[in-house]
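Residue numbers (this note's numbering): 19 to 255.
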Ligand SMILES: [Cu+2]
């Protein structure tokens, strides 16, 4: 019983958002609904800038690189993160390990999102030195050299935060780890679509965050076993 209690306690601590909101409570969701939709870019998207690869060219410059900080595909906004900001109770947080690859001197994926408490396995298959540097403000920052023999590095992200990552060796390497206060988190791909499943019936605020375009929120009401649609359009600031 005691052990069970401490597990519950650590799960609750893990889910306390930085703002001091009530902790998220995870459990079984019966007759939950789905929140789905699209994120579009409003206006004409600029062509992504080509990145200047000036170091370790034989490994890093095999494929041409473009700045990933604003990618729009057929009007769809890529790498936007969707969360529910005011959900207090819902499905369990499952902190499965996730992977961030540095292959070819680029972070894959450019934006990696997961619930807080997740361990991120950072890979270095390049056979050269990378140095992954997190610009965390809420979590403890890390700044780790990964010499060619260091193929993996595990980093646990305990608190919700959008964390900027840079490589101190390769100035163009840039990405984000986004840790969410609840399990309801998704990132858009080229389709610009997202889906959050097993959401208990109720009214919620859905938020989109994009590194260049900022935040946008909408209210949505979820009914049991039904799909609630919410579409976003993000404009350049
Ligand atoms: Cu690097």
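C-beta: ideal position from N, C-alpha, C; glycine also. Computed from a predicted structure; not experimentally measured.
N-terminal and C-terminal residue of the beta strand (DSSP E) that residue i is part of
i	result
residue 107	107-109
residue 205	203-205
residue 177	Where residue 177 is concerned, there is no enclosing beta strand (DSSP E), given that its DSSP letter is neither H nor E.
residue 62	Segment: none, residue 62 is in no beta strand (DSSP E) and carries neither H nor E.
residue 132	129-133
Contacting residues, own chain, Cβ-Cβ under 6 angstroms from residue i (five flanking each side not counted)
i	result
residue 103	223 and 225
residue 184	151 and 192
residue 227	99 and 233
Residues near residue i in its chain [Cβ-Cβ closer than 7 angstroms; skip 5 each side]
i	result
residue 21	Low local confidence applies: a pLDDT of 47 at residue 21 is under 50, so the model's placement there is unreliable, with the coordinate-based value given in what follows. Around residue 21: no qualifying Cβ.
residue 89	66, 96 and 97
residue 135	32, 111, 113 and 176
residue 79	71
residue 146	74, 77 and 166
residue 255	231 and 232
C-beta contact flag for residue i and residue j at 8 angstroms
i	j	result
residue 56	residue 245	no
residue 73	residue 188	yes
residue 218	residue 50	yes
residue 131	residue 248	no
residue 239	residue 54	no
residue 180	residue 194	yes
residue 209	residue 133	no
residue 149	residue 186	yes
residue 144	residue 108	no
Residues bridged to residue i (per DSSP)
i	result
residue 214	53
Span of the alpha helix (DSSP H) around residue i
i	result
residue 75	75-78
Min CB distance residue i to chain C below 8 angstroms
i	result
residue 55	Of the protein chains in the structure, only one exists, and it is not chain C.
Same chain only: Cβ atoms within 8 angstroms of residue i, ignoring 5 sequence neighbours per side
i	result
residue 174	135, 136, 137 and 138
Whole-angstrom C-beta distance between residue j and residue i, which should lie under 8 angstroms
i	j	result
residue 207	residue 47	Actually they do not touch by this definition, with Cβ atoms about 25 angstroms apart.
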